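Please read the structure below before turning to the comments.
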Amino acid sequence: MPTPDSVHKLCETFAEHREHFRSGNYNEFQLRKQFLDPLFEALGWDMANSQGLAPQYRDVIHEDAIKIGPHVKAPDYAFTLHGQRKFFLEAKKPSVNIKTDVAPAYQLRRYAWSAKLPLSILSDFEEFAIYDTRIKPAPGDPPSKARIFYCTFDQYADKWDEISSIFARDSILKGSFDKFADSAKKKKGTAEVDTAFLEEIERWRELLARNFALRNPSLTARDLNFAVQKTIDRIVFLRICEDRGTEDYGRLRTIASGTQTYPRLLELFRAADARYNSGLFHFSKEKDQAEQPDTLTPHLVLDDKVLKDIIAHLYYPDSPYEFSVLPADILGSVYERFLGKTIRLTEGHQAKIEEKPEVRKAGGVYYTPSYIVDYIVENTLGKQLNPENPIPIADAAKLKVVDPACGSGSFLIVAYQYLLDWHRDRYAENPEKWSKGKNPPLYPAKGGEWRLTTAEKKRILVNNIHGVDIDAAAVEVTKLSLLLKVLEGETGEIAQRDFLKERERILPDLANNIKCGNSLIGPDFYDQPEMDLLDDEARFRVNVFDWESAFPEVFKQGGFDSVIGNPPYVQLSMDEFKDDTVTAYLKRAFSLSGGRANTFAFFFEQSRKIAAPRGMVSFIVPNTLLTQEGYEELRKRFVYETSIRKLIQSKGQIFIGAVVETVILVFGNKFSPNCSLEFGWISPDGSIEEQAKVQQTEFLKNYKCSFAAPADEGLSRVKLRMEAAACQMGDLLNFNQAIASQVQERSATE
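Numbered by this note's numbering, the letters in the sequence shown go through residues 4 to 753 in order.
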């Protein structure tokens, strides 16, 4: 690609007035307007949003700078495609020496590493540096660390092909950016932000668990897990709020000086109770509060040394994390794996961290990739909202979304964001109407874009989003993630204005939305005669759940409109059915799985019970559902009673560390005789490769009603004749299946 004339002219202008531009009188804002904006326009980016695209679809986001103490936070430019960040550009005025100064490189790398971006750029136009931002930054790193490209402005003409082949908008659309990032990936020193933050909070858990157990000898294991989880959640929430500007920067750090650190931390938590949310920070009984207050943690003892250690690693320069850009799905990924372990008390009241039994049985914890979550939400809730021909806003208020095995809340976060974007776009069609009056849902933000008020975001969350999980810690993490999503994009001034105006907490109480219970086991579980054999601890673990009493308003209108998620895949053996009360109940309650008793199949049956007649359901599950004989009755029920819309298989292994092929099934809960479904494959970039479109009744012609695209008539006749004449392999062999964990073999030298 030849160097554009506009770039030659920029270089000539800079060379002619170089001394002026390098003087202290020429600032960063001037540089961006005069040089960097035109430079990236030459690479095909719409720097000024001349197309008038909605905020989430703009090519370039010019970050609103947030003043935190003496520093300005947030990267100068975020370049995006289809709403997904691709890279950051951090700008510096030409008087800064990018090649030798430590601070600019560390700043950029913290931003991009925290946002989990592979590459990003540091430039003052005079110099242009590309960094591999998958390498964990450290304060003492030289500016050359992780730098994979460097040139000066007088080399742009010679290097233009190289720069444009990676960062031009068209090149990124063609995949060149991703290919270059993969080829440039350095194995030594890479530590992606989710892995590093997981290690960090796991270290906190160990520190807190050991010290709480040591200083509070009467704590039970259950209370110990509660205390540790709550403390971590509250610290993470407040620290993220600081970087996002809704809390004064450094408030947590101030309590780490001096003594009585834990009592002072509790004071901070109580102040947060008054300001934010009575669920995350809930210490005293209040009217209309569904959950019991936390009367445990305020009376515990914790050594100063433990908290000082934790807090010290949360701030610049010791912390590599920039929480203002840490994506919600990264936090969810971290917590999903974090929740796979529990704290057990050994003899001597010592804390030990170990995998939960159910996690061991399932073969680990596997976080659903964001492109899978996006696809499922788009094809359930998205179809019901219908952005191309939107339903009335009043009808959108009636839509109820649920994830019956919500884990850390990844599906609910995406569904909530989808609802926020949809409402903002609808209101923005007539901003004069929706930004006026006593309590308008819309307000104008900096840069002229329209945003939803905090009150409107609260209304949508409480009204539309629901979740259930058997793990109490997972429920709390889902609430935490959703509450942080409410505050996303807010400033301290806006949050304070809303707080003072309404005289109510800025965030909602989610106790009636996100609930703890076993989605598969109802109160009829206790009707079994052998229930007398269960002790209190066993009953607590079973955690029966009554859907209709938990969500009465939802079931008054017929059930949930969208049931989404990634249910657990746990294979239950026939031996367990003979001996275990829970699995025996499951087999009686869910009868369509035949000999293949896997929990994901149970969730499909349950989803149809809780979905409204007009509702839609979509899960990602093992593709054994498609053809395995044991699921024949389940498949037939889909064909006879539902409207199957999509059968989309994933390309390759989507869960790191697990060998399991998966399929996304999307169906409507009401039968439609003329339903045509789409077969296809989904790639990691979210693109769909369509394989075929068929009528679902065609499956009835397949052996055991397998969900396979029917062959042409001639081949089908041959296949039927072969099946009739041949011996079936199942008559000779028994087959079993499980999720296989990928284990790295030890080398011969170890």
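Where a beta carbon is used, it is the ideal one built from N, C-alpha and C, also for glycine.
Computed from a prediction, not measured in an experiment: that's the story for all the values here.
Same chain only: Cβ atoms within 6 angstroms of residue i, ignoring 5 sequence neighbours per side
i      : result
Arg150 : Ala132, Tyr134
Gln694 : Phe682, Gly683
Val380 : Val417, Ala418, Tyr421
Asn569 : Thr371, Ile623
Val756 : Residue 756 is absent from the structure shown; the chain starts at 4 and stops at 753.
Arg506 : Bear in mind that a pLDDT of 47 at Arg506, under 50, signals an unreliable position, so the model cannot answer this.
Phe603 : Pro570, Tyr572, Val624
Val105 : Pro146
Glu579 : At Glu579 the pLDDT is 44, less than 50, meaning the model places this residue with poor confidence; the figure from the coordinates comes in the next sentence. Thr586.
Ser565 : Thr383, Leu384, Val404, Met619
Arg61  : Asn52
Phe502 : At Phe502, the pLDDT of 49 sits below 50, so the modelled position is not reliable and the matter cannot be decided from this model.
Sheet register partners of residue i (DSSP bridge)
i      : result
Ala447 : For clarity, residue 447 is Pro in the given sequence; the question names Ala instead. Trp453.
Thr298 : According to DSSP, which records beta bridges pairwise, Thr298 is partnered with nothing at all.
Pro625 : Thr665
His469 : Val405
Leu680 : Val697
Cys154 : Phe131
Asn521 : Val547
Glu357 : Thr345
Glu93  : Leu125
Ala81  : Ile64, Phe91
Gln574 : Asn601
Phe670 : Val620, Ile647
Ile685 : Ser653, Ile691
Ile258 : Bridge partners of Ile258: none, in fact.
7 angstroms Cβ shell around residue i - same chain, five flanking residues per side excluded
i      : result
Glu325 : Arg113, Tyr114, Ser117, Asp246
Leu422 : Ile463, Asn467
Phe658 : Tyr369
Pro320 : Pro142
Asp549 : Gly525, Pro526
Lys401 : Gln560
Leu303 : Phe215, Asn219, Ala230
Glu195 : Lys119, Arg137
Pro358 : In the sequence under discussion, the amino acid at residue 358 is Glu, which differs from the Pro named in the question. Answer for Glu358: Gly343, Lys344, listed in chain order.
Val99  : Pro107, Asp127
Glu608 : Phe593, Leu595
Lys288 : Pro296
N- and C-terminal bounds of the alpha helix (DSSP H) containing residue i
i      : result
Leu2   : Examination of residue 2 is not possible in this model, given that the chain is present from 4 through 753 alone.
Asp564 : Looking at the DSSP string, Asp564 is not in any alpha helix (DSSP H); the run it does join, the beta strand (DSSP E), is 563-568.
Asp551 : It should be noted that the sequence gives Glu, not Asp, for residue 551. Segment 550-553, the alpha helix (DSSP H) holding Glu551.
Gly385 : 384-388
Trp116 : 105-117
Ile613 : 602-613
His11  : 8-19
Asp173 : 172-176
Ala476 : 475-490
Lys36  : Neither: Lys36 is in no alpha helix (DSSP H) and is coded neither H nor E.
Ser373 : 373-381
Phe272 : 264-278
Cβ-based neighbour list, residue i, same chain, cut-off 8 angstroms, excluding 5 preceding and 5 following
i      : result
Ser167 : Met4, Leu46, Ser174
Ser653 : Ile375, Ile623, Glu664, Thr665, Val666, Ile667, Trp684, Ile685
Asp8   : none
Glu479 : Gln232, Lys233, Asp236, Leu283
Val746 : Low local confidence applies: a pLDDT of 36 at Val746 is under 50, so the model's placement there is unreliable, with the coordinate-based value given in what follows. Around Val746: no qualifying Cβ.
Residue interval of the beta strand (DSSP E) (run including residue i)
i      : result
Glu130 : 130-135
Val404 : 404-406
Asp226 : Note, Asp226: premise wrong, no beta strand (DSSP E); alpha helix (DSSP H) at 224-247.
Gln652 : 646-653
Ala400 : Neither: Ala400 is in no beta strand (DSSP E) and is coded neither H nor E.
ask   = Is there contact here, the region 306-316 with the region 447-456, by at least three beta-carbon pairs under 8 angstroms?
value = In the pairwise beta carbon analysis, the region 306-316 is classified as not touching the region 447-456: fewer than three pairs are separated by under 8 angstroms.
ask   = Three or more beta-carbon pairs under 8 angstroms between the region 156-164 and the region 137-147, yes or no?
value = Segments in contact, no.
request  = Take every Cβ of the region 272-286, pair it with every Cβ of the region 476-487, and state whether three or more of those distances are shorter than 8 angstroms.
outcome  = These segments touch.
ask   = For the 8 angstroms Cβ check, are there 3 or more pairs between the region 120-130 and the region 88-104?
value = Enough Cβ pairs lie closer than 8 angstroms, so yes.
Any 3 or more C-beta pairs closer than 8 angstroms across the region 256-275 and the region 340-349 = Under the three-pair Cβ rule at 8 angstroms, the region 256-275 does not count as touching the region 340-349.
ask   = Using 8 angstroms as the Cβ pair cut-off and three pairs as the minimum, do the region 641-655 and the region 404-416 touch?
value = With a cut-off of 8 angstroms, the region 404-416 and the region 641-655 do not count as touching, because too few Cβ pairs lie within range.
task = Mind the definition here: the region 513-523 touches the region 429-446 only if three or more C-beta pairs lie below 8 angstroms; say whether that holds.
result = Because the criterion of three Cβ pairs below 8 angstroms is not met, the region 513-523 and the region 429-446 do not touch.
request  = Please list the segments of the alpha helix (DSSP H) lying wholly inside the region 304-342, counting only runs of 4 or more residues, in order along the chain.
outcome  = Qualifying alpha helix (DSSP H) stretches, in chain order: 307-315, 331-341.
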